[in-house]
Amino acid sequence: MLAPVDDDTLMAAFTHLHRHLNFFPSNGSSPHGRIIPHSSIALRRAGSYNFCMKHFRAVCLFTLATLIAIFIPSALGAKQNAQTELTPRVFLPLVTSSACQDIAGETYQTLVPVSLPTDRPAAQHADLNLALRGYVATTHTLGLVDYGGATDSRAPKLFSLFADNRVPEFSSVSQMYAWDWLTNSRGEPIANPPVTLVGMRVTPDEILRVPKSEYNIGTRTLRPPRGFFIDATKDDSTKFEVLVLYASHERITLKYTREDNVILGYTLHIENVCVAPALLDLYRSWNQNGRGQLPGLKQGQAFGRARDNTIGVVIRDNGSFMDPRSKKDWW
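Counting in the numbering used here, the sequence shown runs from 301 upward without gaps.
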């Protein structure tokens, strides 16, 4: 509640407002051209002091209340905003479990790609880091589906992601977003095929392995002469199966050819995986130093563990997103 205010105090306030806030025009006229006296003496001379004072008290109280309503919340808000902006924020590291531990018995090597490095940082490349694209859930069949047409019998077999070579339960199906390379931004969900990302049930901490194919990317660490190599036999333990094009704490991108891009051949993206720390460190070291070499993995080699009870799987052919549920192609 406001304290009582005497007439002299009110008139002093009026004078202050007049002088410093230019409440009325400096020539004493109102916006409508009427003459407005400047002081209590002028008001008394007009014989209307009591009348004006009565109304002036009301005007001043209303004005004071309005100023309080406007400026005090603004000041408090500004104070709160300043406190928010100045309050230090501590970002704690992710608390990891055994799912982010190295895999016993696994060691990792690097290969020299047969192409130039990717044309932009891998983490900012929507063909390598699918986190940039994102996805939207859809409502199609949670299981294998039959497609017509030709197939490649040498393509990667997704059941060999798992040590028991099983067809996992599908927990979800989604559509990846397209990418607009002119604006470097997300486009619309990819509608054909109707599913481009499948969620697969796994056991938390389950070890995941490079799916087998009947292709390989050579046995030499250095670039083969003229960039070519001859496939080794299927049971050759020295052959490399994939090149690691991207890796982070949550995802990995594997390429079934030796180019540092997804333009030709098969590309496999695994989401919600804890990449083996030794492999992740090796990738990051070469990625930060120009990508002159990248990790190479062999058929069946373990590259990480499931973070929880679901992983996401995306597969591509010559850059195009395919349906991971296709029985004839991947299973």
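Using N, Cα and C, we set each Cβ at its ideal position, and we do this for glycine too. Keep in mind the model is a prediction, meaning the values are calculated, not measured.
Cross-strand partners of residue i (DSSP beta bridge)
{"i": "Ser634", "result": "The question about residue 634 has no answer, for the chain in this structure spans 301 to 631."}
{"i": "Met476", "result": "Tyr435"}
{"i": "Val495", "result": "DSSP lists no partner for Val495."}
{"i": "Glu541", "result": "For Glu541, which the question treats as bridged, DSSP gives no partner whatsoever."}
{"i": "Cys400", "result": "Per DSSP, none; premise fails for Cys400."}
{"i": "Ile552", "result": "Ala547 and Ile570"}
{"i": "Ser620", "result": "Asp617"}
{"i": "Phe470", "result": "Met500"}
{"i": "Arg509", "result": "Ala602"}
{"i": "Val575", "result": "Gly604"}
{"i": "Val562", "result": "Answer is none; Val562 lacks a bridge partner."}
{"i": "Val445", "result": "Ser626"}
With 16 other Cβ atoms within 10 Å as the buried cut-off, status of residue i
{"i": "Thr553", "result": "buried"}
{"i": "Glu514", "result": "exposed"}
{"i": "Asn561", "result": "buried"}
{"i": "Thr570", "result": "Rather than Thr, the amino acid found at residue 570 in this sequence is Ile. Buried: at least 16 other Cβ atoms inside 10 Å."}
{"i": "Pro421", "result": "exposed"}
{"i": "Ala426", "result": "buried"}
{"i": "Arg433", "result": "buried"}
{"i": "Thr538", "result": "exposed"}
{"i": "Gln282", "result": "Because the chain spans 301 through 631 in this model, residue 282 falls outside it and cannot be assessed."}
{"i": "Thr418", "result": "buried"}
{"i": "Ser626", "result": "buried"}
{"i": "Glu506", "result": "buried"}
{"i": "Ile563", "result": "exposed"}
{"i": "Asn589", "result": "exposed"}
{"i": "Ala455", "result": "buried"}
Beta-carbon separation (whole angstroms), residue i vs residue j, contact threshold 8 Å
{"i": "Asn411", "j": "Arg558", "result": "According to the sequence as given, residue 411 is Leu; it is not Asn. With a Cβ gap of about 7 Å, Leu411 and Arg558 count as contacting."}
{"i": "Val613", "j": "Met500", "result": "6 Å"}
{"i": "Pro504", "j": "Ala602", "result": "Incorrect: roughly 16 Å between the Cβ atoms, too far for contact."}
{"i": "Leu461", "j": "Pro494", "result": "Not quite, the Cβ-Cβ distance comes to about 22 Å (not below 8 Å), so this is no contact."}
{"i": "Glu541", "j": "Lys457", "result": "Not a contact, Cβ separation roughly 12 Å."}
{"i": "Gln401", "j": "Thr521", "result": "Between Thr521 and Gln401 the Cβ distance is about 27 Å, and since that is not below 8 Å, they are no contact."}
{"i": "Asp623", "j": "Thr496", "result": "7 Å"}
{"i": "Asn429", "j": "Tyr546", "result": "6 Å"}
Extent of the continuous alpha helix (DSSP H) to which residue i belongs
{"i": "Asp617", "result": "Element bounds for Asp617: not the alpha helix (DSSP H) but the beta strand (DSSP E), Thr610 to Asp617."}
{"i": "Lys632", "result": "This structure gives no information on residue 632, because the portion of the chain shown stretches from 301 to 631."}
Residue-level contact to chain C via CB, residue i, 7 Å cutoff
{"i": "Asp427", "result": "Checking the listed chains, one finds no chain C in this structure; it contains a single protein chain."}
Where the beta strand (DSSP E) containing residue i begins and where it ends
{"i": "Leu411", "result": "Gln409 to Leu411"}
{"i": "Pro489", "result": "Ser485 to Pro489"}
{"i": "Thr503", "result": "Counting along the chain, Thr503 falls outside any beta strand (DSSP E), and DSSP gives it neither H nor E."}
{"i": "Pro421", "result": "Premise fails: Pro421 is in no beta strand (DSSP E) and is neither H nor E."}
{"i": "Leu522", "result": "Careful: Leu522 lies outside any beta strand (DSSP E) and carries neither H nor E."}
{"i": "Pro456", "result": "Element bounds for Pro456: n/a, residue is neither H nor E."}
{"i": "Leu594", "result": "Leu594 to Leu597"}
Are there three or more Cβ pairs, one per stretch, closer than 8 Å when the region 436-454 is compared with the region 463-475? yes
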